[in-house]
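Here's the structure, in structure tokens; my notes come after.
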């Protein structure tokens, strides 16, 4: 455990992910709190629509960065609100770029895109990039408390998918410009291409950050149960495909041997999946947090969890 703790001291971004209900928000909050107590100015950012940071810390956090305790700040990203901002930015970028004759039609299509699947992920991703720019100034560390696994994987693989899509759009626009000009001259001054290339550069920057193991790490939080173990194995495989490395697994709510009584049978089932997780994820650092005798609430409760991390 000390090995990973030392390793993560050099990270600028640490993502906590996992199946819903495993306790990833608690672990992310405990880790961020401990980092701030160790002298790192830390921001914890929740991208889970079912925000719990405010409840855990006992303070209203919301969509704007605000102080939680000494050296620790929080923000709860609202995907719907970010999507609205995203659409507004796109419309502003189109102003002066396309003819006023077709601007209304383009805005109608953009408004329709706001309601389409993936718009909130794209908008949240833009907020990711914005926050990543703040690493080192003003924050030493940004901890992301992510949405349940499937949503998070879609978010983290966006740079690869949208980057390829941008390449296609730029190539098509370049061909269209050349045909309009009936010349082979460069289309680099085309305003639409400039907008597309700016977006592409943003995706490339995010991908470079997400795949740089020296500054970014991913930690999965699981319970010793069949589905979380299986889902995490698949998620790790997909992240590797996109060049994103994971460093650790936190097995949460482990029933201690001395529990006895009604929990003894449940503990026997857990032991099977604990053994499977320890074997399957043996190449990663593994921390185990016991099932606690009370809810994790406030600073003292989080510091109690942090001791196991």
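Residue numbers (my numbering): -14 to 294.
The beta carbon of each residue, even a glycine, is placed where N, CA and C say it ideally should be.
Values in this document were obtained by computation on a predicted structure and should not be read as measured data.
Just tell me which of 72, 107 and 129 has its CA closest to the CA of residue -3.
-> For the purposes of this step, residue -3 is taken as the residue at position 12 of the chain shown. Here the closest residue by C-alpha is 129.
Taking DSSP as the reference, what is the three-state secondary structure of residue 51?
-> Locating residue 51 in the chain shown gives position 66, counting from the first residue. If DSSP states are grouped into helix, strand and coil, residue 51 belongs with the strands.
Start and end of the beta strand (DSSP E) containing residue 10?
-> By one-based count along the chain shown, residue 10 stands at place 25. Per DSSP, residue 10 belongs to no beta strand (DSSP E); it is in the alpha helix (DSSP H), 9 to 22.
Apart from the five residues on each side of it in sequence, which residues of its chain come closer than 8 Å, Cβ to Cβ, to residue 239?
-> By 1-based counting over the chain shown, the position of residue 239 is 254. Cβ within range, chain order: 209, 255, 259, 273, 274, 275 and 276.
Using DSSP with H/G/I as helix, E/B as strand and the rest coil, what is residue 248?
-> Start at 1 with the first residue of the chain shown, and residue 248 comes out as number 263. Helix, per DSSP.
Thinking residue 232 and residue 269 are a contact (beta carbons under 8 Å), I'd like their distance in whole angstroms, please.
-> Within the chain shown, numbered from 1, the residue matching residue 232 stands at position 247. Within the chain shown, numbered from 1, the residue matching residue 269 stands at position 284. Right, the Cβ-Cβ distance comes to about 6 Å (below 8 Å), so this counts as a contact.
How should residue 125 be labelled, buried or exposed, when 16 other C-beta atoms within 10 angstroms of its C-beta is the threshold for buried?
-> Taking the first residue of the chain shown as position 1, residue 125 is located at position 140. Burial call: buried.
Pairwise C-alpha distance: residue 4 and residue 72 | By one-based count along the chain shown, residue 72 stands at place 87. By one-based count along the chain shown, residue 4 stands at place 19. Their backbone Cα atoms lie some 30 Å apart in a straight line.
Cβ shell of residue 155 (< 8 Å), same chain only, five flanking positions each side left out = Counted from its first residue, the chain shown places residue 155 at position 170. Contacts found: 178, 181, 182 and 185.
Looking at C-beta atoms only, is the number of pairs between the stretch 240 to 249 and the stretch 19 to 39 that lie closer than 8 Å three or more?
-> no
Sorted by chain position, which residues of the same chain lie with C-beta nearer than 7 Å to residue 99's C-beta, five sequence neighbours on each side aside?
-> Residue 99 sits at position 114 when you count from the first residue of the chain shown. Confidence at residue 99 is low in this model, with a pLDDT of 47, below 50, so its placement is unreliable and no value can be given for it.
For residue 280, does the count of other Cβ atoms within 10 angstroms reach 16, so buried, or fall short, so exposed?
-> On the chain shown, residue 280 is found 295 positions in, with the first residue counted as 1. Per the 10 Å Cβ criterion, exposed.
Does the Cβ-Cβ distance between residue 235 and residue 271 come in under 9 Å?
-> For the purposes of this step, residue 235 is taken as the residue at position 250 of the chain shown. For the purposes of this step, residue 271 is taken as the residue at position 286 of the chain shown. Yes, the pair counts as a contact, with Cβ atoms nearer than the cut-off.
Verify the CB distance criterion: does residue 263 have a CB-CB separation below 9 Å to chain C?
-> This model lacks chain C altogether, as it is built from one protein chain only.
Indicate the three-state DSSP secondary structure (helix, strand or coil) for residue 202 in the structure shown.
-> Residue numbering aside, residue 202 sits at position 217 when the chain shown is read from its first letter. Looking at residue 202 - three-state DSSP - the assignment turns out to be strand.
Under the DSSP definition of a beta bridge, which residues are partnered with residue 235?
-> Here residue 235 corresponds to residue number 250 of the chain shown, with the count starting at 1. Paired residue(s): 206 and 272.
Residue 291 to residue 18, Cα distance in whole Å?
-> By 1-based counting over the chain shown, the position of residue 291 is 306. By 1-based counting over the chain shown, the position of residue 18 is 33. Rounded to whole angstroms, residue 291 to residue 18 spans 8 Å at the Cα level.
Where residue 114 falls: helix, strand or coil (DSSP) | Here residue 114 is taken as the residue at index 129 of the chain shown, counted from 1. Note: residue 114 maps to helix in three-state DSSP.
Per DSSP, cross-strand counterpart(s) of residue 130 | Within the chain shown, the letter at position 145 stands for residue 130. Looking at the DSSP assignment, residue 130 forms a beta bridge with 1 and 31.
How about residue 44 and residue 202: do their beta carbons lie closer than 9 Å?
-> Indexing the chain shown from 1 puts residue 44 at position 59. Indexing the chain shown from 1 puts residue 202 at position 217. Their beta carbons are not under 9 Å apart, which means residue 44 does not touch residue 202 by this criterion.
What is the residue span of the alpha helix (DSSP H) that residue 121 lies within?
-> Indexing the chain shown from 1 puts residue 121 at position 136. Unbroken run through residue 121: none, as it is neither H nor E.
Is DSSP giving residue 58 helix, strand or coil here?
-> Here residue 58 refers to the residue found at position 73 of the chain shown. Strand.
Buried or exposed (CB count within 10 angstroms, at least 16 for buried), residue 112 | Numbered from its first residue, the chain shown carries residue 112 at position 127. Buried, because 16 or more other Cβ atoms sit within 10 Å of the Cβ of residue 112.
Give the single residue among 164, 211, 193 and 127 whose Cα lies nearest to the Cα of residue 142.
-> Against the chain shown, residue 142 aligns to sequence position 157. It is 193.
Within 10 angstroms of the Cβ of residue 212, are there 16 or more other Cβ atoms? Answer buried if so, exposed if not.
-> Taking the chain shown and counting its residues from 1, one reaches residue 212 at position 227. Looking at its Cβ environment, which holds fewer than 16 other Cβ atoms inside 10 Å, residue 212 is exposed.
Looking at the unbroken alpha helix (DSSP H) that takes in residue 222, where does it start and where does it end?
-> As a working mapping, residue 222 is identified with position 237 in the chain shown. Taken as a continuous stretch (DSSP letters only), the alpha helix (DSSP H) holding residue 222 covers 211 to 226.
Within 8 Å: the Cβ of residue 62 and any heavy atom of the ligand SAH?
-> With respect to the ligand SAH, the structure shown offers nothing to examine, as it has no ligands at all.
If we count the other Cβ atoms within 10 Å of its Cβ and call it buried at 16 or more, is residue 298 buried or exposed?
-> In the structure displayed, the chain extends from -14 to 294; residue 298 sits before or after that span and is not available.
Take the Cβ of residue 36 as the centre, count every other Cβ of all protein chains shown within 10 Å, and call the residue buried at 16 or more, exposed below.
-> Locating residue 36 in the chain shown gives position 51, counting from the first residue. So residue 36 counts as buried.
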